[in-house]
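Visitor: Under the numbering used here, the residues of the sequence shown are numbered 1063 to 1253, in order.
The C-beta atom is built at its ideal place from N, Cα and C for all residues, glycine as well.
Values in this document were obtained by computation on a predicted structure and should not be read as measured data.
This is the structure, below, for whatever I ask next.
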Amino acid sequence: MKKIASILGIGFFLSILITGCGEITIPSEDGSETKIDLKGLEDGNLDISVEDSEGETVSMDVESDGENTTLVQSDGETEVESNIGENVTLPEDFPSEFPFPEEIKLTAVQTVTDAETKTYMIHYEYDQDLESISAIYKEYAESKGYTISLEQKMENSYNLNAGDDEGKGFSAYLGYLEENTAMISVTSPME
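Structure representation (structure tokens):
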């Protein structure tokens, strides 16, 4: 799978360099071939399909409207959809009861779906103080009856991991990567 991910990165790079559409076959040292099929470049979007010599395929679709960019990757077992931009919104099936502080600015949303779970990763910026936002997530974990497996408070950051025995849960990373930014990861089992 690492080989396909590397090839997908190469395919994306090649797609930027190539102005037309078509299929490219890249031979490797061991005699196997990797096929990269490029589509949609003429309309400003991108559709890449990469197939290795063992028949494993990874696809990637990129769409942009000038404000937001959506990237969908799939290997047939796992699908990853990422949205980045000025007007990012939560996915329609995101758990509506999950709390967020008031007046946040969503900057990126990623949904990872496989046969067993669906995980949402939400990145946002906030203006409120760290203490009040961390209280929102701790209270939510307690109200759901989740076990808190990690709670870490530092001067400018807060981390909380909580979940139940059924595979539902979330992680909150506040100020961890950059001050006044948050990454929330919410996981639920597929039904």
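My output table needs one value for K1200: the three-state DSSP class, helix, strand or coil.
Guide: DSSP places K1200 in helix when its eight states are reduced to three.
Visitor: Give me the Cα-Cα distance between D1127 and I1110, rounded to the nearest whole angstrom.
Guide: So the two alpha carbons sit approximately 18 Å from each other.
Visitor: Determine contact between the stretch 1152 to 1163 and the stretch 1244 to 1251, defined as no fewer than three beta-carbon pairs at a distance below 8 Å.
Guide: yes
Visitor: Compare the Cα-Cα distances from E1241 to each of D1191, Y1202, E1178, S1233 and report the closest residue.
Guide: Cα-wise, what sits closest to E1241 is D1191.
Visitor: Using a C-beta cutoff of 8 Å, does T1169 count as contacting chain C?
Guide: Of the chains in the structure shown, none is chain C; there is only one protein chain.
Visitor: Output needed for I1210: all residues of its chain with C-beta closer than 6 Å, excluding positions within five of it in sequence on either side, in chain order.
Guide: A1203, A1224
Visitor: For the 8 Å Cβ check, are there 3 or more pairs between the stretch 1226 to 1237 and the stretch 1135 to 1155?
Guide: Counting Cβ pairs under 8 Å, fewer than three are found: no touch.
Visitor: Report the partner residues of E1213 according to the DSSP bridge assignment.
Guide: L1222
Visitor: According to DSSP, is I1015 part of a helix, a strand, or is it coil?
Guide: Residue 1015 lies beyond the range of the chain shown here (1063 to 1253); nothing can be said about it.
Visitor: State yes or no: is the C-beta of E1148 within less than 8 Å of the C-beta of N1130?
Guide: yes
Visitor: Suppose the cutoff is 6 Å on Cβ atoms and the five residues either side in sequence are ignored; what does the same chain contact list for L1133 look like?
Guide: V1124, S1144
Visitor: The beta strand (DSSP E) with Y1182 in it runs from where to where?
Guide: 1179 to 1187
Visitor: By how many angstroms is the C-alpha of H1185 removed from the C-alpha of M1252?
Guide: 23 Å
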